[in-house]
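See below for the structure under consideration.
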Amino acid sequence: MSENSAPETHNTGPASGETALPKGYEPADVEARWGRHWEENKTFTPDPQDVLSGKKEPFSIVIPPPNVTGALHMGHALDLTVQDILCRFMRQQGKSVLWVPGTDHAGIATQNVVERQLKKEGKKRDDLGREKFIERVWDWKKEYGDRILNQIRSLGASVDWDSLRFTMDEGLSRAVREVFVRLYGEGLIYKGNYIVNWCNRCHTALADDEVEHAPKKGKLYRIRYAFAGGPLPDGTAELIVATTRPETLLGDVAVAVHPEDERYANAVGRKVILPIVGTELPVIADAYVDREFGTGCLKITPAHDMNDWALSKKHNLPVITVIDDRGFMNENAPAAYRGMPSAACREKIVADLDAAGLLVDVTDHDHSVGECYRCKSVIEPHVSEQWFVKVAPLAKAAREAVPAQTQIFPPNWEKTYFEWLDNIRDWCISRQIWWGHRIPAWTCEACGEMIVQAEDPADLAHGCPKCGGALKQEDDVLDTWFSSALWPFSTMGWPGEKGKPAPKLQAYYPTSVLVTGFDIIFFWVARMMMMGIHFMGEVPFKHVYLHALVRDEQGKKMSKSTGNAIDPLAMTAKYGTDALRFTLASFAAMGRDIKLSEKRIEGYRHFVNKIWNSARFALMNLPGEPKATLVEAMGATQDAPLANRWILHRLEEVKDEVESASLEYRFNDIAQSLYRFIWNEFCDWYVEMAKADLYGPEGPAKEATRRVLLTVLSETMVLLHPVMPFVTQEIWSVLPGIPAENDGKELALAPYPVRRPQCRDEQAARDMAFFQGVVGSVRTIRTELTIDPAKKLPLIVDTADAMDSAQAVLNANAHLIAQLARIESADIGPGKTGPRASGTAVVEGARLFVPLKGIVDFGAEVARLDKELGKLDKQLTALRGKLAAPGFAGHAPADIVAAENEKLAGLVDARAKLAELQERLKGALAEG
RNA sequence: GGGCGGAUAGCUCAGCUGGAAGAGCAUCGGCCUUACAAGCCGGAGGUCACAGGUUCGAGCCCUGUUCCGCCUACCA
0 MSENSAPETH NTGPASGETA LPKGYEPADV EARWGRHWEE NKTFTPDPQD
50 VLSGKKEPFS IVIPPPNVTG ALHMGHALDL TVQDILCRFM RQQGKSVLWV
100 PGTDHAGIAT QNVVERQLKK EGKKRDDLGR EKFIERVWDW KKEYGDRILN
150 QIRSLGASVD WDSLRFTMDE GLSRAVREVF VRLYGEGLIY KGNYIVNWCN
200 RCHTALADDE VEHAPKKGKL YRIRYAFAGG PLPDGTAELI VATTRPETLL
250 GDVAVAVHPE DERYANAVGR KVILPIVGTE LPVIADAYVD REFGTGCLKI
300 TPAHDMNDWA LSKKHNLPVI TVIDDRGFMN ENAPAAYRGM PSAACREKIV
350 ADLDAAGLLV DVTDHDHSVG ECYRCKSVIE PHVSEQWFVK VAPLAKAARE
400 AVPAQTQIFP PNWEKTYFEW LDNIRDWCIS RQIWWGHRIP AWTCEACGEM
450 IVQAEDPADL AHGCPKCGGA LKQEDDVLDT WFSSALWPFS TMGWPGEKGK
500 PAPKLQAYYP TSVLVTGFDI IFFWVARMMM MGIHFMGEVP FKHVYLHALV
550 RDEQGKKMSK STGNAIDPLA MTAKYGTDAL RFTLASFAAM GRDIKLSEKR
600 IEGYRHFVNK IWNSARFALM NLPGEPKATL VEAMGATQDA PLANRWILHR
650 LEEVKDEVES ASLEYRFNDI AQSLYRFIWN EFCDWYVEMA KADLYGPEGP
700 AKEATRRVLL TVLSETMVLL HPVMPFVTQE IWSVLPGIPA ENDGKELALA
750 PYPVRRPQCR DEQAARDMAF FQGVVGSVRT IRTELTIDPA KKLPLIVDTA
800 DAMDSAQAVL NANAHLIAQL ARIESADIGP GKTGPRASGT AVVEGARLFV
850 PLKGIVDFGA EVARLDKELG KLDKQLTALR GKLAAPGFAG HAPADIVAAE
900 NEKLAGLVDA RAKLAELQER LKGALAEG
């Protein structure tokens, strides 16, 4: 990037006071500016040579391509946030990061959108013809296809826009053909006449997993099928068959019973008369039939039921299709029903059966019905000519790669993945639509020869190589998921030129991790595994991180139709992108659904603002700070003030926490660790303590604190940057004293903060806890006894029995206690004692006295101490019980026993001291 | 039918390999203390669904039960 292209950073509003930053954080402008900057400077476009030359390790992610017709929803927002956190973190770790963005062409959905558009013009796709229609779809794509990409931009996703791909791109289309042709050649793709899931509305076949099952209230009809040639010898006149779809009986070819069902033993081998139609059907026996269900008699309709289809193959039964591919009764139906929609036919059939006395009864029956996952209309099993992938061999390899080559996080999803692969059926990949990758197969209209090849039809101009006859290409296109399955390598340039593998592919395949929702583990994850292994010889990703689904506050799946969706773009407009991202990260605990509430986003906007203001504070107090003034320049820290030592110590711990959480996909831990550190430690305590130095006279103390303040703030911005890229970058760009090696660069390219082992300081942590205890005790006394907050109080501390460093800590920080607890004078030393009429507390063995006489009615303090004593007693009882329990001392590890005993001693001591102090107080009270 | 997950403060959720229950929001009280009222200080609020078990010790491990989700499946 060039120096002078750095965005203006001070134009979000008029400067207030001495600071360069406006008083409140205003995200809109900041986000727009930095988003543009990143893209214009190609900040996130990596150089594959860095990897190929061995200079850097690769880290790569391919985006789960959103549907080109889609709009960004909360699920995308979570998915992108997680990926962006990983990518930005890995850049900090020095990796060469490639994040490939793109969209898929969503065959059925996109075609539906354009058909709807046509409908408004009073046209159908057939009016245009295939070519014109496809042109129309491309027009649509040009106009609206970037919408979701722009929404991805607005979330701050650090993708490489130079790598942008679309599944219908030239290169990706070549990959699709190449794969199709090779699989066909290997016998793994075949064409055949089979029963498939059929959507009448979309007018196409669907794969098994594109059918969603929804419970529906239906009816169960019981119908009489009389025996041909009159009753059986035992007098049985008929079989009663139960069905939910009476209209399909027109296509019945048999009735089946269980072979061991004694009720029907005599019936097997006989014939029954198909009602209405009048043909004779064989009664067959098959163990598939459930004796418990209905009457135990199953009518067999191979053309309109998946299971019946299977039985018909097994028993060599004919297939009679009576409903066509639009849902109307066809020429095989008796004339009375021909041409009727199947629903109307059902009514008529039922009425006719009833009139003929063949309907036994109709009962309510709840069952699950398949729906089209795109348009929600009912799926009909339908016999037709389709193309299939023979999946079993591919599935086997995909299965065996987990977890050895690919690890799934959280691992409990492995089971689901295995389950699906183990029971997989062949994959129907042909779709009877126009928008998509047309199947690269041509049939000779003269001799029927089929040619499958990747080259364009131009090469086939000479006609059929066998007989010279005219060639006709397949009308069908491929399932969108067929091209999505190739995404991890097709986007990186596969298959590329002969003998010249694409550098991107070489550098970044296999990808590091796939981040997606568990709902497409079948559609997509498993299929990418199959294709990646088969064509690249290597799994497509080393890790799969499956995150939860975002639900509404009631736990319902968010969807536009139910109107419960929280629009991520509305949220970013209202609260800022960083607030939304932080919210999603903090919710992203593994293996849990996310119930998002707007309140939570609002809460984190406050956090963003808090960060912003802490930066304003720092800037006000670091005027003209020269470069390279980070803490390294300070020398040894042992003699430094407690606050500085403590915050630097904590910073080291936070570096560890954030790093390990990032590597282990514990996004909520990243968020929690930083939240606590920034707000509850840095802002609430460190900044307040630093004020004493910062507002004090120039000198070494002030200088040191300025350096620590700057160090902690700037390194915190780096740690927080992957989660909140915008506010951190904005602050970073105005902070002075950025380390020389990063000066002038973008925060997004700054390395992870170095570790400073010399700043580890457990003693400082203990001392700080003591200090906080003292300040807290005084504050509690003040508030509980309703002492005027402005009133300054004296404080006496007896350090005789206190922790070793207590005296030193209090002496060194007396001025801070005064400031934070509003103390006018502190008298500290072993054996010091306050008046009997004092508010009191015990902290780490130190006795605190806040004289109350003349300030407030101190009777309330007796009651307050009762409450404190009560708490201590509760703890004591529990702890004594634990220690006295038989076996504790013997069984528990020695260090635990020691620690518990120490705790007990501390509690006993505190309780005794507090009780004694209360007695003194009571004495004072009695005297009045 | 099979599988997975959940039940922790009023609400939404954390709680890693078992060692004295946490956050945000809401609530109560007090503060415009010159970074921040999108703020500060303090308080209250939980027999961690129920019943057993393992253990010196269980929110965490085991068994069972009751609710609630989700995925999956060929009972017409």
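Here the first sequence is numbered in numbering that gives the first Met the number 0, starting from 0 and rising by one per residue.
Even glycine gets a Cβ: it sits at the ideal position worked out from N, Cα and C.
| Asked | Found |
| --- | --- |
| Suppose you measure from the CA of D692 to the CA of E680; what does that come to, to the nearest Å? | 18 Å |
| Do the region 217 to 226 and the region 245 to 259 meet, that is, are 3 or more Cβ pairs less than 8 Å apart? | yes |
| Short check: CB of R164 to CB of V99, under 9 Å? | yes |
| Inspect the CB distances between the region 358 to 375 and the region 499 to 518 and report whether three or more fall short of 8 Å. | no |
| Got a sec? Which residues, its chain only, sit under 7 Å from L79 by beta carbon, not counting five neighbours each side? | I151, L154, A156 |
| DSSP has Q406 in a bridge; who is on the other side? | H542 |
| State the DSSP-derived secondary structure class of E120, mapped to helix, strand or coil. | coil |
| Take L931 and list the residues in its own chain whose beta-carbon comes closer than 7 Å to its own, dropping the five residues that flank it on each side. | Lying outside 0 to 927, the shown extent of the chain, residue 931 is not represented and no answer is given. |
| For L712 versus A617, is the C-beta spacing smaller than 9 Å? | yes |
| On a Cα-Cα basis, can you pick out the residue from H257, A335, K389, R35 that is closest to N149? | R35 |
| Just confirm the distance between the C-beta atoms of V29 and E729, as a whole number of angstroms; I'd bet it's less than 8 Å. | 5 Å |
| For H314, which residues in the same chain have their Cβ closer than 6 Å to its Cβ, ignoring the five residues on either side in sequence? | I283 |
| Residue range of the beta strand (DSSP E) that M449 falls in? | 449 to 451 |
| Would you identify the three-state DSSP class for T294, choosing helix, strand or coil? | coil |
| Whose C-alpha, out of K298, A845, F327, is nearest the C-alpha of L316? | K298 |
| Excluding sequence positions up to five away, which residues of its chain have a Cβ less than 6 Å from the Cβ of R863? | E783 |
| Decide if the region 811 to 820 is in contact with the region 894 to 910; the criterion is three or more beta carbon pairs, one per stretch, under 8 Å apart. | no |
| Check whether the Cβ atoms of I520 and W426 lie closer than 9 Å to each other. | no |
| Check whether the region 530 to 542 and the region 371 to 390 are in contact - that is, three or more C-beta pairs closer than 8 Å. | no |
| By Cβ distance below 6 Å, which residues in the same chain neighbour G217 in space, the five residues on each side in sequence not counted? | T243, H364, H366 |
| I'd like to check one pair, L718 with P752: are the Cβ atoms closer than 9 Å? | yes |
| Note down the Cα distance separating A909 from G844, rounded to an integer number of angstroms. | 6 Å |
| From this set, A440, C758, L809, A789, which residue's C-alpha is nearest G772's C-alpha? | L809 |
| Of all the alpha helix (DSSP H) runs that stay within the bounds of the region 270 to 314, which reach a length of 4 or more residues? | 305 to 313 |
| Using a 10 Å radius around the Cβ and a threshold of 16 neighbouring Cβ atoms, would you call Y664 buried or exposed? | buried |
| Rounded to the nearest angstrom, what separates E114 and K123 at their Cα positions? | 7 Å |
| Closest to W523 by CA distance: which of G498, S483, P500 is it? | S483 |
| Identify whether C86 lies in helix, strand or coil by the three-state DSSP scheme. | helix |
| With the cut-off set at 9 Å, would you say D138 and T479 are in Cβ contact? | no |
| Under 9 Å between the Cβ atoms of P539 and P509? | yes |
| According to DSSP, is H461 part of a helix, a strand, or is it coil? | coil |
| Using CA atoms only, rank isn't needed, just tell me which of P380, R398, G101, P230 is closest to I322. | P380 |
| If I measure Cβ to Cβ from M767 and keep anything under 7 Å in the same chain, skipping five residues before and after, which residues do I get? | L641, W645 |
| Please tell me whether W486 and V61 are closer than 9 Å, where the distance is taken between their beta carbons. | yes |
| Flag this pair as yes or no: are the beta carbons of L868 and A904 separated by less than 9 Å? | no |
| Taking 9 Å as the threshold (C-beta atoms), are V796 and A825 in contact? | yes |
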